[in-house]
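Notes for the one structure printed next.
There are 2 protein chains.
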Amino acid sequence: MTGEGVGRVRLRFLPDGPEVRVPPGVSLFDAASWNGVAIDSTCGGYGTCKKCKVRIVEGELPVSAVDPRAFTPDELRDGWRLACRAQASCDLVIDVPPLQTRPKAATVGVGRQVILRPSVQKRYLELSEPTLQDQASDLERIFAAMDDLELRVGVDVVRTLPQLVRASDWKVTAVVVDDELIGVEAGDTTGRIFGIAFDLGTTTVVATLLDLSTGTPVAVRSILNRQQPYGADVIRRISATMMDPTVLPKLQELAQGTLADLVGEVLEHGEVAPEEVYEVALAGNATMTQLLLGVDPEPVGVAPFIMAASSYPLMRASDFGVTVHPRAHAHVFPALGAYVGGDIVSGLLASGMTRDKRLRLFIDVGTNCEIALGNAERLLTTAAPAGPAFEAAQIRCGMRAADGAVETVRIKDDEVELGVIGDATPLGICGSGLVDAVSELVKSGLLDHSGRFIPDEAAAELHPVLAERLVAIEGERIFVLAWAGEPGDPEGAVYLSQRDVRELQFAKASIATGWALLVEELGVKVADIQQVLLAGSFGSYLSPASAVRIGLVPKLALPRIVAAGNVAGEGAKMILLSAQERAAAAALVHEVEYVELSDRPDFNDLFIDQLAFPA
Amino acid sequence: MTGEGVGRVRLRFLPDGPEVRVPPGVSLFDAASWNGVAIDSTCGGYGTCKKCKVRIVEGELPVSAVDPRAFTPDELRDGWRLACRAQASCDLVIDVPPLQTRPKAATVGVGRQVILRPSVQKRYLELSEPTLQDQASDLERIFAAMDDLELRVGVDVVRTLPQLVRASDWKVTAVVVDDELIGVEAGDTTGRIFGIAFDLGTTTVVATLLDLSTGTPVAVRSILNRQQPYGADVIRRISATMMDPTVLPKLQELAQGTLADLVGEVLEHGEVAPEEVYEVALAGNATMTQLLLGVDPEPVGVAPFIMAASSYPLMRASDFGVTVHPRAHAHVFPALGAYVGGDIVSGLLASGMTRDKRLRLFIDVGTNCEIALGNAERLLTTAAPAGPAFEAAQIRCGMRAADGAVETVRIKDDEVELGVIGDATPLGICGSGLVDAVSELVKSGLLDHSGRFIPDEAAAELHPVLAERLVAIEGERIFVLAWAGEPGDPEGAVYLSQRDVRELQFAKASIATGWALLVEELGVKVADIQQVLLAGSFGSYLSPASAVRIGLVPKLALPRIVAAGNVAGEGAKMILLSAQERAAAAALVHEVEYVELSDRPDFNDLFIDQLAFPA
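Order-wise, the sequence lines are chains A and B.
Going by the numbering used here, the first residue of the first sequence is number 5, and it counts up by one from there.
Going by the numbering used here, the first residue of the second sequence is number 5, and it counts up by one from there.
Now the structure itself:
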């Protein structure tokens, strides 16, 4: 992994653009686009539209193979270059002419403005009919009508042409994705261009149907990952494949079935035909990705934790087992490591972690917790094995965040106020409720900083009323959040046990050790962190105050702790809306440094330091 | 179609290479290779090995995107460039350093020396085992071991990696075709690299299994095209698809089955496993190609005669329905027109028509006859609908060239000497026998120059003995070549009828009109033609003397009329042996001018002129 601040090149965009630092080899077009400098383009950066003309005012930039087709020798001498083909390898000052066309933009991710530049485009063509004097083949005729593009095509598209072009009276719409002609449709269908973004989580899977011509989400659906019966977390699913060779194909089928169901639902709700979806994108962790693609995950599960591939090749949507346009392109986010997967790369893209000047901490809380720390200069990432506490899996009264789950807890004077999902009778406690409960008990003093319930006598003295909730069950001390029957009878009550507190301590210590080591590695101080992004659906429900109080996140002013939402899903949308963002995601893998914690000699010391709750 | 001599650029290779003229845009590497100037290269011209260094001594050549990675700024200023990335757009003088490596070569085609540069290559890799300090994915590890290549890969290859690299103790062989990693094999398999060249004829289909590491043919087999029951020629097969929509899939299946049978035979004979074949190439006419690929051929069959595509995209061997390596690449020769197909482009490549300075005439005699005339400066091509005479299909005693077919005829004094295939009793007459018979009868004077048998009395006077063979059957005059029973009893005899002569006259007039029009179009004289190449299996059997005597070919000294053999099959072999030859085949489509005869106002006049036999 590279990506250190050293070795970057400095680019200044005239007349009034910013000065930015980018890794050498990034195209001027991308560097500009990432930094909000708009340069004309209609081809999507493939060197074919020849619109992205810029002039190098200072610095050396070689002439690309395409430049001589766009400029005269005099212009080349004057420094004119196509920005999409210009790879900066030294500091440059670049003059950007005013825009001729105004691109549309959409807001996605963490307040990210994405200029609409989908890799899918449609062209309506009125072809001339062949004659003995003009015997160009059907395919040549279509290519000639789009001579600004240099296109690949598959034989199955050729197979459709003879009948199609004649039946539609030579009036057709070409469907181009990147540099491939994926289809030719009868008549003018330019108004209908769709894509589907998937967030393939271990627990929950989300699909968003996007209108790529406007950037608007047309329909969103989420369902549980059908692989659930094979284990709640990735390690259990990997183990299942290791114990029985028939499980891998089954898990692949279940993942594909989950996506296929979602596709059916969003298409129906959006009133979009399957063949109108020309591109799909998927963010998932390394294990989910390998299982979906039928790649044996065993080496991901055992040390030294090796993926089959960090970046996947371009695929077809059929490789995901979903029925959309038969030649629709499919993209999988690249991964930084076996436990910092494509979902996190997607999240980092959506939150702009590699472009922001502020020092920010990104935490995706879950069974496996992914952490990133840094800014546009340098970004470090790691994975912390938090265990299942946040999914409330090994918590005595733990349950998924569903109706009846306690999701917030406030202890005020002698009262315990519970927020229950669905305003129902409390049935159990979910991850955010667990964090809240522990946090409030620490605040109340009933839990000491080492994580132990204080002795009964001390509790009775400190909080005579609350202390009545502190009882024992099978020899273990518990704090009852909600009685089921008579107060004092723990039968059926929703409670927090001493062991539950220990589970949470281990989980939060693991995470805190992760970011503390990144802080150290980056050579900064906790106080320098300007924002903490809590990613993932769990992150959205977590109370920032509680997260600070238990030491899950660094002690910062609460407005600096922000729930970032489902950033993995946002990133997947972004790469459908903009081919440039897709390139940025691919580049991220080389920009971000992955730090492996499991072989750090100082890990255990730091971990023990972090077990206690902050004073 | 372009390809006129005008607009070409002149390249002079130092120290002692030739001066050549090539179309602008051709890479220096290709121009050199085509003209026998060897330049170092190991990557096959993909700009990755950076070995093909040359220095521009005179003329301007822009710096390519890859050049700055191969040369210092000083070297670039001195004119150093990578030849494979250098596209000449003006006259140049190029200094070529002496070879560091000596390429192997094979002789194929019409005496063509092909430098062995197959697009398939194998690399034996001993990979380092991953550790916690080196967590590169399996795929990254393989790519890193071949960092001179920039490779694509499919997800199905990724799927094989986790198990394969570990089971083979990290010792593997990578299989690369062009810029794609198509497979990874356990251990060292670098010694086994094979390809199969197909010549998909309307009548006969040939497969050649080639050892791509040595250029040697390992096994060759030919069988009849299984589509035969649907018609002897392309027009009948196209008609069959037009009359019944279920016929196209059937014809595709039959073509695929024919190829699959051949593959089975050559692999068995060559003791090669299917998965050791990494690339296949196919030469076929436009109709055969479309039927094989399941593309509706109707527009090829009716005016204005339009193909679905002139150049086909890269395919997999599975698109041909053959079982070799699952990701083996498959190439189809591009076509110049609906009736000057990939088989002819292959033949032109194999015969070096676009590289030879001599003015040459290429004739592939068949139901549809393809003709090319020209040299390296300018090459014209056309198709002449000769009809089925040469396949002896509408000839009264016509039969295929099989046992019992009269294939040569000599009339000497009073004797008729017949050459019969298999030295059997004559059963009928095949194409070459027909040409011979007519030619000998013209020579004897029994047929006059207008193509009419002379009156009985005149015949009896001219050749009293031979005249006895001139009898009538159902009112039509015939010349008996072989009596079945008693001489004088035409029952069961093998003969040539007056109508047969007319059929042949129409066929040969069509062909002669074709080349006569090309002679006119090119502005040359028949006497300027330095060589006539008779291509195809029929061409090999045709007697040059007879072909001249009936006016099928121009009247030239007989040694100048050469049987070129199965040039279509030779071209298919060439593109497997050399990626450069494949590029040359693709370029041919732009270099050769196609002349459509069917709308020429002077066609009928010329045709009538050509009906008679030459004096």
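Idealized CB from N, CA, C, for every residue including glycine.
Item: Counted within 10 angstroms of its Cβ, other Cβ atoms place D603(B) as buried (16 or more) or exposed; Value: exposed
Item: Other residues of its chain near E184(A): CB distance less than 6 Å, five sequence neighbours each side excluded; Value: R156
Item: Option nearest E595(A) by Cα separation, candidates L340(A), I227(A), R116(A), Q91(A); Value: L340(A)
Item: Unbroken alpha helix (DSSP H) run spanning A486(A), endpoints; Value: First-last for A486(A): 480-486, but that is the beta strand (DSSP E), not the alpha helix (DSSP H).
Item: M4(B) to A285(B) span [Cα, whole Å]; Value: With chain B represented from 5 up to 619, any question about residue 4(B) goes unanswered, as that position is not in the structure.
Item: S315(A) versus A590(A): straight-line alpha-carbon distance, rounded; Value: 8 Å
Item: Identity of the residue in S31(A), L86(A), A36(A), G29(A) nearest D20(A) by Cα; Value: A36(A)
Item: Cβ contact check for the stretch 173-193 of chain A and the stretch 126-140 of chain A: 3 or more pairs under 8 Å; Value: yes
Item: Distance CB(I399(B))-CB(A406(B)) smaller than 9 Å; Value: no
Item: V328(B) versus G199(B) - alpha carbon distance; Value: 9 Å
Item: Contact list for P430(A) against chain B, beta-carbon separation under 7 Å; Value: Residues of chain B passing the Cβ test: none, with the nearest at roughly 44 Å.
Item: Counted within 10 angstroms of its Cβ, other Cβ atoms place E507(A) as buried (16 or more) or exposed; Value: buried
Item: Beta-bridge pairing of L451(B) - partner residues as DSSP gives them; Value: F457(B)
Item: T429(B) burial status per 10 Å Cβ neighbour count (16 or more: buried); Value: exposed
Item: Closer than 7 Å at the beta carbon, the chain A residues around G158(B); Value: P317
Item: Residue-level contact to chain A via CB, R553(B), 9 Å cutoff; Value: no
Item: Local Cβ density within 10 Å of A511(B), reported as buried at 16 or more and exposed below that; Value: buried
Item: Test: F366(B) CB closer than 9 Å to a CB of chain A; Value: no
Item: Test: S68(B) CB closer than 9 Å to a CB of chain A; Value: yes
Item: Burial state of A312(A) (16 or more Cβ within 10 Å); Value: buried
Item: Same chain, Cβ closer than 6 Å to R586(B), neighbours up to 5 away in sequence not counted; Value: I579
Item: C-beta neighbour in chain B for V299(A), strict 9 Å; Value: yes
Item: Cutoff 9 Å: E525(A) Cβ touching any chain B Cβ; Value: no
Item: Enclosing beta strand (DSSP E) for N372(A) [first to last residue]; Value: 372-378
Item: Cα-Cα separation between A259(B) and Q231(B), rounded to whole angstroms; Value: 6 Å
Item: Runs of alpha helix (DSSP H) lying entirely within the stretch 53-104 of chain A, each at least 4 residues, in chain order; Value: 71-74, 77-81
Item: Sequence-distant residues of the same chain with beta carbon closer than 7 Å to P548(A), five excluded per side; Value: L562, I565
Item: Distance CB(I415(B))-CB(E444(B)) smaller than 9 Å; Value: yes
Item: Chain B contact for S514(A) (CB, 9 Å cutoff); Value: no
Item: Selection from P221(B), V67(B), G479(B), V442(B) that minimises the alpha carbon distance to E411(B); Value: V442(B)
Item: Three-state secondary structure (DSSP) of I425(A); Value: helix
Item: Host alpha helix (DSSP H) of P338(A) (start-end); Value: Note, P338(A): premise wrong, no alpha helix (DSSP H); not H, not E.
Item: Positions along the stretch 302-313 of chain B whose CB lies within less than 8 Å of some CB in chain A; Value: E302, P303, A307, P308, F309, I310, M311, A312, A313
Item: Proximity of L214(A) and V188(A) at Cβ, strictly below 9 Å; Value: no
Item: Sequence-distant residues of the same chain with beta carbon closer than 6 Å to L431(B), five excluded per side; Value: G408
Item: Chain-ordered chain A contacts of L521(B) [CB-CB under 7 Å]; Value: Result: empty, since nearest Cβ-Cβ is about 15 Å, beyond 7 Å.
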